Structures are given as C-alpha cells and as structure tokens.
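Just add 1 to the spot in the sequence shown (first one is 1) and you have the numbering used here.
In this text, a Cβ means the ideal position worked out from N, Cα and C, and glycines have one as well.
For clarity, every value in this text was computed on a predicted model and none was experimentally measured.
Structure record follows, encoded as structure tokens.
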Amino acid sequence: MFTRLFSKLKQKKTKTLQTLEKLNETLGILEKKETLLLKRVAEEVERAKDFTRAKNKRAAMLCLKRKRVYEQQVEQLGNYQLRIHDQMIMLEGAKATAETVEALRRGASAMKAMQKAKNINIEDVDKTMNEINEQTDNMRQIHDALSAPFGSDFDEDELEAELEELESAEVEQEPVRPVQNLLARPATQKKQTAYEDELAALQADMAL
Numbered sequence: 002m003f004t005r006l007f008s009k010l011k012q013k014k015t016k017t018l019q020t021l022e023k024l025n026e027t028l029g030i031l032e033k034k035e036t037l038l039l040k041r042v043a044e045e046v047e048r049a050k051d052f053t054r055a056k057n058k059r060a061a062m063l064c065l066k067r068k069r070v071y072e073q074q075v076e077q078l079g080n081y082q083l084r085i086h087d088q089m090i091m092l093e094g095a096k097a098t099a100e101t102v103e104a105l106r107r108g109a110s111a112m113k114a115m116q117k118a119k120n121i122n123i124e125d126v127d128k129t130m131n132e133i134n135e136q137t138d139n140m141r142q143i144h145d146a147l148s149a150p151f152g153s154d155f156d157e158d159e160l161e162a163e164l165e166e167l168e169s170a171e172v173e174q175e176p177v178r179p180v181q182n183l184l185a186r187p188a189t190q191k192k193q194t195a196y197e198d199e200l201a202a203l204q205a206d207m208a209l
C-alpha cells in the first residue's frame with residue numbers, strides 16, 4: 002500500500018516538474034519572438050524616416066502601418082508571457098502545498114506508529130502521572146516524619162515560668178553577704194554554668 006502511494010506521489014511530482022519545464026520552454030520561445038518583433042519595429046521606424054526624407058509619404062505610411070502590426074503582436078506576446086508566468090506561479094504554489102501536506106501526513110503517521118509500538122495512550126499517561134504524584138507525596142511524608150523531633154515536646158513558656166520561680170526562691174533564701182563573700186561569687190557562677198551545661202546536654206540526649 003505504502004509502495005503504491007509513494008509511487009503515485011513520485012509520478013505526480015515528475016509530471017509537475019515536466020509541466021513546469023514545458024512552460025518555461027514556451028516562455029523562452031515567446032521572449033525570443035518578442036525580441037525579434039521589437040527589432041522589426043525599430044527597422045520600420047528607420048525606414049519610415051528614410052522615406053519621409055525622400056518625400057515618399059505613401060511608403061512611409063506603409064512602414065508605420067507594419068510597425069503598428071508588429072507592436073500589436075508584441076503586446077499580444079506580452080499577455081501570453083504574463084499568463085504563463087501566472088500559471089507557473091500557481092503550479093509551483095500547488096506543488097509546495099502538496100509537499101507540505103504530504104510531509105505533515107508522514108509525520109502524523111510516524112507519531113501514530115510510535116505510539117502504537119510503545120503502546121502509549123492518554124490513560125496510561127494519566128495513570129503514570131498519578132503514580133508519580135503518589136510516590137512523591139509518600140516520600141514527602143516520610144521525610145517529614147524523620148525530620149520531626151524525637152522525645153517529649155517541652156513547653157517553652159512553662160519552662161521559662163518554672164525558671165523564674167526558682168530564681169525568685171533563690172533570691173529570697175539568699176542572705177545578705179558581706180563584701181568578702183561578694184568577691185567569691187565567680188565560683189558560684191561557675192557552678193551554675195556547669196549545672197546549665199548538664200541540663201542542656203540532657204535535653205539534647207532526649208531530643209535524639
């Protein structure tokens with residue numbers, strides 16, 4: 002089937018090219034005739050001038066009449082050439098259109114054959130995309146689960162309030178110390194810093 006189709010297209014293409022060549026050949030013949038007639042027109046004009054100088058009015062008039070006949074033939078040949086030009090343009094346009102349509106048809110056939118060979122249809126594409134989206138959502142949920150903090154979820158406000166209570170109690174229980182005891186505060190501050198470090202380490206272990 003495809004062999005016959007390509008054979009017919011090749012025959013049509015060959016016939017079109019032959020027609021264009023024939024039109025071009027005819028156009029060349031008409032141009033040569035036009036050139037010859039224009040030459041005769043110029044010759045008749047020169048003859049008419051010669052007869053006019055010789056006071057031969059009758060012969061000069063005959064030359065001008067032949068000149069008019071040649072000019073009419075030149076005009077007619079010009080119309081023929083214009084028609085042939087139009088025909089060639091239309092034929093070339095039709096040829097280009099046919100080739101474009103055939104190229105698009107071949108492309109569509111190739112795409113159809115590819116989809117058929119790969120067993121591709123819109124339902125399969127939708128199904129595949131849904132599976133991809135589902136897997137993506139699952140991976141996102143897994144990532145969120147792994148990223149969540151492990152252990153107790155402490156309320157920062159409650160911890161801040163408890164710390165304030167402890168600080169207030171310490172202030173109330175702490176007696177007024179002399180200046181000498183004030184100089185010994187860095188050691189106490191060091192102990193508090195060590196206690197805070199231990200508390201931070203414990204919270205970090207619970208978060209793991």
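Three-state class that DSSP yields for residue i in the structure shown
i	result
residue 57	coil
residue 120	coil
Rounded distance between the beta-carbons of residue j and residue i, thought under 8 Å
i	j	result
residue 83	residue 31	Not confirmed; about 10 Å, so no contact.
residue 52	residue 43	With a Cβ gap of about 15 Å, residue 52 and residue 43 do not count as contacting.
residue 1	residue 24	What the structure shows of the chain is the stretch from 2 to 209, and residue 1 is not part of that stretch, so it cannot be assessed.
residue 15	residue 92	Not a contact, Cβ separation roughly 14 Å.
residue 113	residue 17	Not a contact, Cβ separation roughly 28 Å.
With 16 other Cβ atoms within 10 Å as the buried cut-off, status of residue i
i	result
residue 38	buried
residue 202	exposed
residue 104	exposed
residue 111	exposed
residue 49	buried
residue 197	exposed
When the options are compared against residue i, the one with the closest alpha-carbon
i	options	result
residue 46	135, 70, 94 and 120	70
residue 85	170, 29, 128 and 163	29
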